[in-house]
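Heads up, the thing below is written out as structure tokens.
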Amino acid sequence: MPTQIPERVCVEWHLNFVAEIRNGVVERSYFTERDVEETIFSEFSEELVKRLRRYFKGREVDFRDVPVTYPTDFSGRVLEIVRGISFGKVRSYFDIANEVKTSPRAVGVAMKMNRVPVIVPCHRVVARNGIGGYSCGVGVKRMLLELEGVKM
DNA sequence: TCAATCCGAGCGG
DNA sequence: CCGCTCGGATTGA
């Protein structure tokens, strides 16, 4: 029986990376300067934090099987596609937009709505002519792409 | 309605 | 190569 109390994991990197979990679902993740206290009760979170630590050491880790929540129907559709982009690869807003028959701008909106950066790798979506934006800061996006060995 | 978006293309210098 | 403008889909107010 999963706990009702939210769990929290914190991984050290350039900034700390925090993920909040409830009932085996990652509900939110974010970067912060602060140190955040971890609360881990479940096997699931134990496993997740191990994988995150490996990821931030630069190892290739796949988060595709991790349950997450999507804000809206549309953004969910877009973010599902984004989850399909593998470690070290990038796609453009334009490209994704064509796949879901929408506009690049709308894809940008959907990226911004992503509750769980890194787990859903929206940093792998870049502009056609540059790195594009990132709600956690473009600097963070650059560092993540560098971590994955992507040359822009 | 309307403004705000992690964009892209087109145009005039 | 710049900077500006506009089309554009979606969301939340």
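For the first sequence, this note's numbering begins at 15 and goes up steadily by one. Here a beta-carbon is modelled for each residue, glycine too, at the ideal position from N, C-alpha and C. All values reported here derive from a predicted model rather than from experimental measurement.
Legend entry - DSSP-derived helix/strand/coil call for Ser56: As a working mapping, residue 56 is identified with position 42 in the first sequence. It is coil, neither helix nor strand.
Inset, instruction - Measure the alpha-carbon distance for Gln18 versus Arg36 and round it to whole angstroms. - result: The sequence position of residue 18 within the first sequence is 4, counting from 1. The sequence position of residue 36 within the first sequence is 22, counting from 1. For Gln18 and Arg36, the distance between alpha carbons rounds to 7 Å.
Legend entry - Under 7 Å between C-beta atoms of Arg129 and Val114: Counting from one through the first sequence, the residue named residue 129 turns up at place 115. Counting from one through the first sequence, the residue named residue 114 turns up at place 100. Not in contact: Arg129 and Val114 (Cβ atoms no closer than 7 Å).
Inset, instruction - For Pro20, count neighbouring C-beta atoms within 10 Å of its own C-beta (all shown protein chains included) and say buried if the count is 16 or more, exposed if not. - result: Within the first sequence, numbered from 1, the residue matching residue 20 stands at position 6. By the neighbour-count rule (16 or more Cβ atoms within 10 Å), Pro20 is not buried but exposed.
Legend entry - Ala141, enclosing alpha helix (DSSP H) - first and last residue: Numbered from 1 along the first sequence, position 127 holds the residue referred to as residue 141. Where Ala141 is concerned, there is no enclosing alpha helix (DSSP H), given that its DSSP letter is neither H nor E.
Legend entry - Beta-carbon proximity check, Leu159 vs Gly72, cutoff 7 Å: One-based indexing of the first sequence puts residue 159 at position 145. One-based indexing of the first sequence puts residue 72 at position 58. Between Leu159 and Gly72, the CB-CB gap reaches or exceeds 7 Å.
Legend entry - Per DSSP, the bridge partner or partners of Leu45: Within the first sequence, residue 45 is the residue found at index 31, counting from 1. Reading the sequence as shown, one finds Phe at residue 45 and not Leu. Phe45 pairs with Phe31.
Legend entry - When Val139, Phe108, Pro118 are compared against Ser100, the one with the closest alpha-carbon: Here residue 100 is taken as the residue at index 86 of the first sequence, counted from 1. The shortest Cα separation from Ser100 among Val139, Phe108, Pro118 belongs to Val139.
Inset, instruction - Return the CA-CA distance between Arg67 and Val25, expressed in angstroms with no decimal places. - result: Taking the first sequence and counting its residues from 1, one reaches residue 67 at position 53. Taking the first sequence and counting its residues from 1, one reaches residue 25 at position 11. The alpha-carbon separation between Arg67 and Val25 amounts to approximately 6 Å.
Inset, instruction - Could you tell me whether the region 75-82 touches the region 121-135, where touching means 3 or more Cβ pairs closer than 8 Å? - result: yes
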